[in-house]
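See below for the structure under consideration.
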Amino acid sequence: KHLIRNELNVRTISKVSQIIKNANLQDEKIFETLLKLLSKPEKVKYENILPLTRVTRIVPSGLKTIIIDQVLENIVRDMEINDYKFNRTRVAQCTSMAMMLNCGIIKLETLNDLLFKILTFGHPMNNPVPGVFVELDPPDDYIRITLVTCMLQELVPTKRNIDAFTLFLHFLDYYTWTNDMQFPEDT
20 KHLIRNELNV RTISKVSQII KNANLQDEKI FETLLKLLSK PEKVKYENIL
70 PLTRVTRIVP SGLKTIIIDQ VLENIVRDME INDYKFNRTR VAQCTSMAMM
120 LNCGIIKLET LNDLLFKILT FGHPMNNPVP GVFVELDPPD DYIRITLVTC
170 MLQELVPTKR NIDAFTLFLH FLDYYTWTND MQFPEDT
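Mapped onto our numbering, the consecutive letters of the sequence shown carry residue numbers 20 to 206.
Pasting the structure below:
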């Protein structure tokens with residue numbers, strides 16, 4: 020636990036990766052511990068999310084799939100709760116998902132689906148409509164836009180990424196106009 024949460028950084032990634040490669044993942048306790056550590060990017064310093072993602076890349080595919088599923092589930096659960104105190108957690112989780120795409124852990128379609136889900140979650144028929152109040156997405160709460168922009172900022176700008184997210188960017192533009200309030204400067 021200490022190794023991943025406190026010692027993992029850009030300089031120590033190769034040593035930590037080697038230790039994890041040599042770990043006996045057949046041992047249920049080790050498997051569960053790695054799952055808990057690698058599926059909670061909010062527990063490491065923000066600058067260490069990338070090393071955590073790179074370590075995730077080397078684990079066996081079965082564990083990797085469970086980690087991805089857990090991070091996605093945590094994002095959705097935190098959106099259901101919609102509490103301000105979970106905003107830092109959601110930003111770290113979304114940043115981690117974007118970095119997973121950059122590292123080749125997830126597919127482009129997975130991140131694209133997540134981006135749309137963040138903006139449409141809780142809206143009737145999954146479609147934000149101007150003037151319709153949604154309790155999970157009040158007009159003065161801009162965390163969804165923050166989450167989406169954090170993910171887009173972390174993406175490596177390749178032609179494939181730009182082409183894949185063009186439709187989403189149009190939808191993001193539409194979504195911003197569904198909010199009645201003026202955007203604060205930090206958004």
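Glycine included, each C-beta is placed from N, C-alpha and C at the ideal position.
Taking each of I87, T84, R109 in turn and checking the Cα distance to R96, the smallest one comes out for R109. Annotation note: the stretch 71-150 contains the following uninterrupted alpha helix (DSSP H) runs of length 4 or greater, listed N- to C-terminal: 80-100, 106-121, 127-139. For A183, the enclosing alpha helix (DSSP H) begins and ends at 178-183. For N146 and D132, the gap between their C-alpha atoms comes out near 14 Å. The C-alpha of L27 is placed about 15 Å away from the C-alpha of V78. Nearest to T114 by C-alpha distance, out of P157, T177, D192, E66, is E66. Nearest to H142 by C-alpha distance, out of L130, D156, L134, is D156.
If you draw a 10 Å sphere on the C-beta of T185, you find fewer than 16 other C-beta atoms in it, and that means exposed. Minimum Cα-Cα distance from L134 among the listed residues V153, G150, Q112, F152 corresponds to Q112. In this structure, the CA atom of G81 is about 17 Å from the CA atom of M116.
Considering only D46, G150, P60, F190, the residue with the shortest C-alpha distance to V167 is F190.
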